[in-house]
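Take the sequence shown: its position 165, counting from 1, is numbered 412 in my numbering, and each next residue is one higher. These notes concern the structure reproduced below.
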Amino acid sequence: VSGGPDSVAMLRLFAALRRALRVDLFVAHFNHRWRQPDSDGDARWVQRLSSAFGLPCVVGAQCFPRPTSARRAVQSESEARTVRYRFLRWAAEYFRCSAIATAHTLNDQAETVLHHLLRGSGLSGIRGIPGDRPIDSGLRIVRPLLTFEREELVAFLDTLGQKFRTDPTNQEPARTRNAIRHELLPQLQRRYNPRLIAALGRLARQASEAELVVRRLARRVLRRARCSRTDGAVELELSRLRGRSRHLLRQVFVELWQVQDWPRRKMTFRHWNAAADVVQGRRVQTVCPDGVIVRRRRGRLLVERSHHARRAADGH
248 VSGGPDSVAM
258 LRLFAALRRA
268 LRVDLFVAHF
278 NHRWRQPDSD
288 GDARWVQRLS
298 SAFGLPCVVG
308 AQCFPRPTSA
318 RRAVQSESEA
328 RTVRYRFLRW
338 AAEYFRCSAI
348 ATAHTLNDQA
358 ETVLHHLLRG
368 SGLSGIRGIP
378 GDRPIDSGLR
388 IVRPLLTFER
398 EELVAFLDTL
408 GQKFRTDPTN
418 QEPARTRNAI
428 RHELLPQLQR
438 RYNPRLIAAL
448 GRLARQASEA
458 ELVVRRLARR
468 VLRRARCSRT
478 DGAVELELSR
488 LRGRSRHLLR
498 QVFVELWQVQ
508 DWPRRKMTFR
518 HWNAAADVVQ
528 GRRVQTVCPD
538 GVIVRRRRGR
548 LLVERSHHAR
558 RAADGH
């Protein structure tokens, strides 16, 4: 709970439904200390609100320097998100919770899909924010408000007479996400589709459903094609891969990287596509980031990570 309208609405809804849902509730607030003294005020405010509903509240804090450029702002937000989720995992373990609920809304979903489209993302990016995903053994993140628009939640709080905190940094247009929220999305709604937020939400759900089908099929193809496997190499039967669509082949390689626990951060659409080219005979081999080579050999496909890259990853 940050103290903003979305998370306060989530807290009020859970507090009202906890007996019907038969759940125990605990509140976690992370103080980034970006807007002192307001940041400390937000933390105290959330603690008081939690106490009013008889809910335990734990507060984490870390001082992040105020970013001085747009590029640094993106990096700072990424670092803050990593630390915040690490704190939330700790809080969940401390309270012995099975789930972490965050207050992402349909607006957040629409903004995320639009942001990913602008960056040239593929189907996985269009899925947007997942409504439910595991993060650790026995722990998952749930987002129960993804079907609600922000305006609905503010109206709900108004009917309750419930106040909330506002963060002025959410209005700064220098940040790409804020520019999408306050400039691009409203303009698209006015000029082209007033129900664009709902439309982008539907697109995200459909993309998620489609990718789930493709991933299941890709795993099945990978299992049937695999001849041998070690930590550093996998051999696949080419005859089991021929005739498959390029989209499915790209997903097969994504699943292979995941099974092998190889780094994917530097892998781009171009790399996955080049691997599909090797399967379809358009090239003999391709070199991928982090020392992975995909090549054809006597009717089989060898996907191998160099010994040097593996040792470097292990810190040797």
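All residues carry an ideal CB built from backbone N, CA and C; glycine is no exception. Since this is a predicted model, take the numbers as computed values, not measurements.
Item: Alpha-carbon to alpha-carbon, R466 and R374; Value: 19 Å
Item: Straight-line Cα distance separating L548 from G251; Value: 52 Å
Item: A346 to R473 span [Cα, whole Å]; Value: 35 Å
Item: Three or more C-beta pairs below 8 Å linking the segment 437-455 and the segment 368-383; Value: yes
Item: Start-to-end residues for the beta strand (DSSP E) that takes in G372; Value: Careful: G372 lies outside any beta strand (DSSP E), inside the alpha helix (DSSP H) at 370-373.
Item: H563 versus Q356: straight-line alpha-carbon distance, rounded; Value: Reliability of the predicted coordinates at H563 is poor, the pLDDT of 49 falling under 50, and the value obtained from them is presented with this limitation in mind. Roughly 41 Å separates the two Cα atoms.
Item: Environment of V575 [buried if 16+ CB atoms lie within 10 Å]; Value: This structure gives no information on residue 575, because the portion of the chain shown stretches from 248 to 563.
Item: C-beta contact flag for H351 and L400 at 7 Å; Value: no
Item: Sub-7 Å separation of L443 and L450 beta-carbons; Value: no
Item: Local Cβ density within 10 Å of I382, reported as buried at 16 or more and exposed below that; Value: exposed
Item: Cβ shell of V550 (< 6 Å), same chain only, five flanking positions each side left out; Value: V481, V541
Item: At least 3 beta-carbon pairs within less than 8 Å: the segment 490-510 vs the segment 518-527; Value: yes
Item: Contacting residues, own chain, Cβ-Cβ under 6 Å from R497 (five flanking each side not counted); Value: W519, A523
Item: Assigned exposure category for S475 - 16 Cβ within 10 Å defines buried; Value: exposed
Item: Counted within 10 angstroms of its Cβ, other Cβ atoms place T359 as buried (16 or more) or exposed; Value: buried
Item: 6 Å CB neighbourhood of V248 in its chain, flanking five on each side removed; Value: S254, L258, V274, H276, V293
Item: Under 7 Å between C-beta atoms of G307 and F342; Value: no
Item: Entirely enclosed alpha helix (DSSP H) segments - the segment 483-562, minimum 4 residues; Value: 493-507, 516-526, 554-560
Item: For P536 and T515, the rounded distance between their alpha carbons; Value: 9 Å
Item: Cβ distance (whole Å) where I427 is taken to contact L364 below 8 Å; Value: With a Cβ gap of about 10 Å, I427 and L364 do not count as contacting.
Item: R390 beta carbon less than 7 Å from that of T329; Value: no
Item: DSSP state of P433 mapped onto helix, strand, coil; Value: helix
Item: Start and end residues, beta strand (DSSP E) containing I382; Value: 379-383
Item: Which residues DSSP lists as bridging V468, in chain order; Value: Answer is none; V468 lacks a bridge partner.
Item: Whole-angstrom distance between V468 and Q527, CA atom to CA atom; Value: 15 Å
Item: Status (buried if at least 16 other CB within 10 Å, exposed otherwise) for L488; Value: buried
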